[in-house]
Structures are given as structure tokens and as C-alpha cells.
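Data block below; observations after.
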Amino acid sequence: MFKTLKSFCVILVVSLGTSTLADEVILTVSGDVGPNDGQNTWAFDRKALEALPSQLIETTTIWTEGMQSFEGVSLDVLLNHVQAEEGTIRAVALNDYAVTIPTSDAIEGGPIVAYSRNSRAMSVRDKGPLWIIYPYDANEAYQSEEIYARSIWQLNRLEVVAQ
């Protein structure tokens, strides 16, 4: 009986932990954006990001081996969704590392905010939960130190600053 109770408790804890993580905010977009519930801050959990149109990028990267498949929301779709102004984006990681990305990078066929790699959610240990990925193999212009520096992983905040 104790073994059965112990198994039930483990299942219950895992289930509760999973449902909590599913509703956890993984990306906040703020600054010069449109109002959301009266505030200029947008909070996205994984489901909310996945509800936006997704894009798939298959590319190699300088940080991984072999061809990788990334799925996420296009940066231009995300910025349009939050009604962002033109200017710059301060992209911030979980450890407060930050990079600056011009909003002009947010074009069709450009970078995505990836939430999965090779059909799996990315853990913090695996550069997740979010990673800005450019289609490096599709355009030589994306194979530069400047673009690689913008490819921030463990992303959790975007702060838009209008020009």
C-alpha cells in the first residue's frame, strides 16, 4: 500500500508541476508597444506564443552540430501582434545578458523567436526556453558576427524602444 501511495504522490507532483509550467510566462514584451489590458506590457506563456502563426527554419548554427530545425514565431509577426514601434529591441536573457536588435531585422523570412528545436521544447540547459534564430544558411548576410551576436538564447524579455 505504501508503494502505491508513493507512486500516486509522484504522479500527482509531476502533473502539478507540468500544469504550472504550461502557464508560466516565458516572454515579456514591453516598451513602445500597443496596450494590452490597459498596460504597455505583453506576457506570453508557451501556449500564447504557439497560438501565433509559426515558422520553421532549418539551418546550421555555429553553436550546434549538423542541420537543426527550429520552430517559433517570426519576429515580424510578434512585433506586429504587440503593435511595436520602429526602433530597436533590447533582447534580454534569463541571466540579464542583453543585446540590441534593430526592428528592421523583423522582416518576412527573417529571424524567429524559436520555442522548439528538432521538434522538442528547449530547456534552459539547452539554450531555451526561447532563442532568436536567423535563417543563417538561407542568406549569407546572416552569417556575420553582428548577426550571431543578436542570436540570444535563454531569451525572456524584449523591450522595444522607438526612434
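Residue numbers (this note's numbering): 38 to 200.
We put the beta carbon where it would ideally sit given N, CA and C, even for glycine.
Since the model is a prediction, treat every value here as computed from it, not as a measurement.
Inclusion of G147 and Y173 in the CB contact set at 8 Å is not warranted, their separation being larger than that value. Contact between V150 and L192 is confirmed by a C-beta separation of about 7 Å, below the 8 Å threshold. Counting C-beta pairs closer than 8 Å gives fewer than three between the segment 71 to 80 and the segment 88 to 96, which falls short of the contact rule. A straight line joining the alpha-carbon of Y134 with that of I189 spans about 9 Å. Within the same chain, and ignoring the five residues on either side of P139 in sequence, the residues whose Cβ sits closer than 6 Å to its Cβ are T125. Cα atoms of L131 and L115: separation of roughly 20 Å, rounded to the nearest angstrom. Taken in chain order, the complete beta strand (DSSP E) segments of 3 or more residues contained in the segment 126 to 160 are 135 to 139, 149 to 154. Taking the CA atoms as reference points, V66 sits about 20 Å from M159. In terms of Cβ geometry, E102 and V197 do not form a close pair [threshold 8 Å].
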